[in-house]
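**Q** Under the working numbering, the first residue of the sequence shown is numbered 450, with each subsequent residue one higher.
Yeah, the Cβ is synthetic: ideal placement off N, Cα and C, and Gly gets one too.
Remember, it's a predicted structure, so these values are computed and weren't measured experimentally.
Once you've had a glance at the structure underneath, I'll fire off some questions.
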Amino acid sequence: MAIDWYNEFVNLNYTPAQDELICLFYFEPAAGISKKEAVGRIASESSTGTWTTLFTMPPRMKKLQATAFSIEGNFVKIAYPLSLWEEGNAVQLLSGIAGNIFGMKAIKNLRLIDVALPQSYLRNFKGPHFGIDGIRKMMNVSDRPLTGAVPKPKIGFSAREHAKVGYETWMGGFDFVKDDENLTSTSFNRFEDRVKFLTPMRDRAEHETGDKKSAFINITAETDLMKKRADILADYGWNYAMIDVVVSGTASVMTMRDYCSDLGLAIHAHRAMHATFDRDKKHGITMQFLAKIMRLIGVSQIHTGTAVGKLTGSKKESMILADVLREKKTKAVDTMLLEQEWGRIKTAFPVSSGGLHPGLVPDVLDIYGNELVLLVSGGIHGHPKGTRAGAKATMQAIEAWNEGISLDEKAKKSKELKEALEKWGYYKPK
Ligand code: CAP
Ligand code: MG
């Protein structure tokens with residue numbers, strides 16, 4: 450009597466049906482486990498199976514089980530019947546393809562690379578409220594990246610001091626002032642106070658510059674409190690809310706997507722905690738998977754790295770992340786990305802941030818082009834002449850890139866850029 454049945458979840462001659470959901474995994478079998486058994490266990494444990502043959506098996510079970518249908522080296526593709534998945538429930542999807550399978554003893558390493566979502570699954574999701582075009586229209590910015598900065602040091606300003614740094618940032622030409630990922634509502638900088646002090650500064654900066662100004666104010670908290678904070682933002686005429694999406698959880702992001710959309714608020718998604726699972730190339734979940742799920746749910750933008758700044762992520766990774774977010778049809782990239790037709794799901798902005806300063810702007814724009822939210826924080830507040838000069842220097846660096854001239858050339862006629870280059874040059878933070 451066979452005790453297990455993993456081989457029934459493997460069929461290398463199988464061709465997935467049009468409406469099946471396909472996952473690409475990197476996997477390493479544990480010692481003594483064949484590749485075939487390993488992929489059978491992954492397909493089984495993430496769909497209908499368990500470790501042993503069973504006494505009763507409902508006839509429909511056969512139609513629900515996943516099939517590992519392609520093994521190339523240490524990469525396996527697994528097809529999942531649509532009826533396994535609850536319509537519109539991204540949380541349950543993660544329980545299935547990003548759950549138990551990571552803890553199986555029979556697998557030494559496992560990495561969820563990407564998922565290809567069939568149109569019949571996709572259509573149960575709303576995607577971003579505005580899309581890249583909608584955001585550009587809302588901010589009245591067309592031919593350059595949107596720009597923003599976090600007041601630094603990242604936490605410690607009073608609400609009033611925070612608002613003053615924000616005003617200087619806006620007056621230097623930036624579109625956004627961003628809260629840091631760990632700034633929510635502290636004794637010295639309550640959320641309500643920050644909104645109360647930032648709002649008149651925004652109005653003043655808009656009046657003095659004639660430009661639209663906004664902010665990514667961090668509402669991250671328990672979901673009901675996030676709703677209350679979103680209401681406050683809408684009451685004060687803001688058009689964005691910021692959420693730390695990984696620590697908040699997929700369910701709360703789904704709730705807040707609809708709540709913010711009803712209030713006309715775009716969502717800036719910070720990805721703090723992503724590096725606990727996306728940094729190891731052999732085990733965990735990729736940033737491209739996280740970016741895909743967040744676009745599907747409907748954030749308007751999410752951080753995707755700089756390649757040249759202080760945090761992890763290669764140039765190639767940043768480029769494929771940009772494709773996941775910006776394309777109507779994402780092209781497949783061998784072992785990194787599956788093809789994805791996005792249908793009516795709108796586009797979202799990649800956000801590049803982390804250790805940037807004016808000297809690195811061309812490197813980042815060489816990767817992303819103008820369809821980007823560029824955040825330069827320490828890199829403006831550390832400018833020898835202060836925040837406003839730092840923002841101006843960054844805007845001058847963006848102009849230089851779009852004019853096709855070097856920063857050294859631009860600096861001849863741009864004082865603030867010249868001063869930035871004198872301090873940082875083209876330094877790449879470690
Ligand atoms: C950057 C930042 C962002 C990181 C997040 C920080 O500040 O505010 O949170 O960019 O990383 O706290 O470090 P600096 P990522 O510009 O002063 O470095 O964008 O990779 O998610
Ligand atoms: Mg930060």
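Classify Glu617: buried if its beta carbon has 16 or more other beta carbons within 10 angstroms, exposed otherwise.
**A** Residue 617 sits at position 168 when you count from the first residue of the sequence shown. Buried, by the Cβ-count rule.
**Q** Less than 8 Å separating the beta-carbons of Ala608 and Arg643?
**A** For this step, residue 608 is matched to residue 159 along the sequence shown. For this step, residue 643 is matched to residue 194 along the sequence shown. Cβ atoms of Ala608 and Arg643: closer than 8 Å.
**Q** Is the segment 660-667 touching the segment 621-635 in the sense that three or more CB pairs, one from each, lie closer than 8 Å?
**A** Output reads yes: the segment 660-667 touches the segment 621-635.
**Q** Could you check if Ile418 is buried or exposed, using at least 16 other CB atoms within 10 Å of its CB as the buried criterion?
**A** Given a span of 450 to 879 for the chain in the structure shown, any question on residue 418 remains unanswerable.
**Q** Helix or strand or just coil, what does DSSP make of Ser483?
**A** Along the sequence shown, one-based indexing puts residue 483 at 34. In the structure shown, Ser483 sits in coil (DSSP, three-state: anything other than H, G, I, E or B).
**Q** Taking 5 Å as the limit, name every residue whose beta carbon sits nearer than that to some heavy atom of the ligand MG, in sequence order.
**A** The set, ordered by position in the chain, is Asp629, Glu630.
**Q** Give every residue of the same chain whose Cβ lies closer than 8 Å to the Cβ of Ala555, excluding the five residues on either side of it in the sequence, and list them in chain order.
**A** As a working note, residue 555 is residue 106 in the sequence shown. Excluding positions up to five away in sequence, the list reads Pro478, Ala479, Ile482, Glu486, Ala487, Arg490.
**Q** Tell me where the alpha helix (DSSP H) around Met691 begins and ends.
**A** By 1-based counting over the sequence shown, the position of residue 691 is 242. First-last for Met691: 689-693, but that is the beta strand (DSSP E), not the alpha helix (DSSP H).
**Q** I need the straight-line Cα distance from Ser591 to Arg775, nearest angstrom please.
**A** As a first step, residue 591 is located in the sequence shown; it is residue number 142 there, counting from the start. As a first step, residue 775 is located in the sequence shown; it is residue number 326 there, counting from the start. Rounded to the nearest angstrom, the two C-alpha atoms are 15 Å apart.
**Q** Going by DSSP in three states, His723 sits in which element: helix, strand or coil?
**A** Here residue 723 refers to the residue found at position 274 when the sequence shown is read from its first residue. DSSP places His723 in coil when its eight states are reduced to three.
**Q** Could you give the residue range of the beta strand (DSSP E) that holds Arg560?
**A** Start at 1 with the first residue of the sequence shown, and residue 560 comes out as number 111. Looking at the DSSP string, the run of the beta strand (DSSP E) that includes Arg560 is 556-565.
**Q** So does the segment 704-714 actually touch the segment 746-766, counting three or more Cβ pairs closer than 8 Å?
**A** Judged by Cβ distances under 8 Å, the segment 704-714 makes contact with the segment 746-766, as three or more pairs qualify.
**Q** Quick one: grab the DSSP three-state call for Gln845.
**A** To locate residue 845, count along the sequence shown from 1; it is residue 396. Note: Gln845 maps to helix in three-state DSSP.
**Q** In the DSSP assignment, the alpha helix (DSSP H) including Val782 goes from what residue to what residue?
**A** Within the sequence shown, numbered from 1, the residue matching residue 782 stands at position 333. Run containing Val782: none; DSSP gives neither H nor E here.
**Q** Between Ala781, Leu824, His723, Gly548, which lies nearest to Asp624 when the distance is taken from Cα to Cα?
**A** As a working mapping, residue 624 is identified with position 175 in the sequence shown. Nearest of Ala781, Leu824, His723, Gly548 to Asp624, Cα basis: Leu824.
**Q** Return the CA-CA distance between Thr755 and Phe726, expressed in angstroms with no decimal places.
**A** Here residue 755 corresponds to residue number 306 of the sequence shown, with the count starting at 1. Here residue 726 corresponds to residue number 277 of the sequence shown, with the count starting at 1. One C-alpha to the other measures close to 18 Å.
**Q** Report yes if the C-beta of Arg720 is less than 7 Å from at least one heavy atom of the ligand CAP; otherwise report no.
**A** Within the sequence shown, numbered from 1, the residue matching residue 720 stands at position 271. For the ligand CAP, at least one heavy atom lies less than 7 Å from the Cβ of Arg720.
**Q** Would you be able to state if there are at least three C-beta pairs under 8 Å between the segment 831-840 and the segment 761-780?
**A** Taking 8 Å as the limit for Cβ pairs, the verdict is that the segment 831-840 does not touch the segment 761-780.
**Q** Compute the Euclidean distance between the alpha carbons of Ala670 and Ile550, then round it to the nearest angstrom.
**A** Along the sequence shown, read from residue 1 onward, the residue named residue 670 stands at position 221. Along the sequence shown, read from residue 1 onward, the residue named residue 550 stands at position 101. When rounded, the distance between both Cα atoms is 30 Å.
**Q** Measure the alpha-carbon distance for Leu821 versus Phe474 and round it to whole angstroms.
**A** Locating residue 821 in the sequence shown gives position 372, where the first residue counts as 1. Locating residue 474 in the sequence shown gives position 25, where the first residue counts as 1. About 29 Å.
**Q** At which residue ranges does the segment 792-879 contain complete alpha helix (DSSP H) runs of 4 or more residues, listed in the order of the chain?
**A** The segment 792-879 contains these whole alpha helix (DSSP H) runs: 810-817, 827-830, 836-852, 856-860, 864-873.
**Q** Give a yes or no on whether the C-beta atoms belonging to Tyr527 and Leu461 are separated by under 8 Å.
**A** Counting from 1 along the sequence shown, the entry for residue 527 is found at position 78. Counting from 1 along the sequence shown, the entry for residue 461 is found at position 12. Residue identity check: residue 527 is Ile in the sequence provided, not Tyr. Against a cut-off of 8 Å, the Cβ pair of Leu461 and Ile527 comes out as no contact.
**Q** Closer than 7 Å: is that where the CB of Lys601 sits relative to any heavy atom of the ligand CAP?
**A** Reading the sequence shown from its first residue, position 152 is the one you call residue 601. Yes.
**Q** Quick check on the burial criterion: 16 or more other C-beta atoms within 10 angstroms. Buried or exposed for Asn688?
**A** Numbered from its first residue, the sequence shown carries residue 688 at position 239. With 16 or more Cβ atoms within 10 Å of its Cβ, Asn688 is classed as buried.
**Q** Less than 7 Å between C-beta atoms, sequence neighbours within five positions excluded: which residues of the same chain meet that for Met588?
**A** Taking the first residue of the sequence shown as position 1, residue 588 is located at position 139. Excluding sequence neighbours, Met588 sits near Leu595, Asp624, Lys661, Ser663.
**Q** Could you pull out every residue in the same chain whose Cβ sits closer than 6 Å to the Cβ of Lys764, ignoring the five residues on either side in sequence?
**A** On the sequence shown, position 315 is the one that residue 764 refers to. The answer, listed in chain order, is Ala756, Ile816.
**Q** Whole-angstrom Cβ separation of Lys777 and Trp791, contact assumed at under 8 Å?
**A** For the purposes of this step, residue 777 is identified with residue 328 of the sequence shown, where counting begins at 1. For the purposes of this step, residue 791 is identified with residue 342 of the sequence shown, where counting begins at 1. Right, their Cβ atoms sit about 6 Å apart.
**Q** Alpha carbon to alpha carbon, how far is Glu766 from Leu866? Give it in angstroms, no decimals.
**A** Taking the first residue of the sequence shown as 1, we reach residue 866 at position 417. Taking the first residue of the sequence shown as 1, we reach residue 766 at position 317. Leu866 and Glu766: Cα-Cα distance of roughly 29 Å.
**Q** Are there 16 or more other CB atoms within 10 angstroms of the CB of Phe637, so buried, or fewer, so exposed?
**A** Taking the sequence shown and counting its residues from 1, the one referred to as residue 637 is at position 188. Exposed is the call here.
**Q** Under a Cβ-count criterion, where at least 16 other Cβ atoms within 10 Å of its own Cβ denotes burial, should Asp693 be classed as buried or exposed?
**A** Residue numbering aside, residue 693 sits at position 244 when the sequence shown is read from its first letter. Counting Cβ neighbours within 10 Å, Asp693 comes out buried, since at least 16 surround it.
**Q** Any idea if Phe504 is buried or exposed, counting beta-carbon neighbours within 10 angstroms, 16 or more meaning buried?
**A** Here residue 504 corresponds to residue number 55 of the sequence shown, with the count starting at 1. By the neighbour-count rule (16 or more Cβ atoms within 10 Å), Phe504 is not buried but exposed.
**Q** Three-state secondary structure (DSSP) at Ala466?
**A** Taking the first residue of the sequence shown as 1, we reach residue 466 at position 17. DSSP places Ala466 in coil when its eight states are reduced to three.
**Q** Please state whether the Cβ-Cβ distance between Pro811 and Leu856 is less than 8 Å.
**A** Reading the sequence shown from its first residue, position 362 is the one you call residue 811. Reading the sequence shown from its first residue, position 407 is the one you call residue 856. Contact: yes.
**Q** Taking Cβ to Cβ, would you say Pro465 is nearer than 8 Å to Phe518?
**A** In the sequence shown, counting from the first residue as 1, residue 465 sits at position 16. In the sequence shown, counting from the first residue as 1, residue 518 sits at position 69. In contact: Pro465 and Phe518 (Cβ atoms closer than 8 Å).
**Q** Under a three-way DSSP split, which group does Gln541 fall into?
**A** Here residue 541 is taken as the residue at index 92 of the sequence shown, counted from 1. Helix at Gln541.
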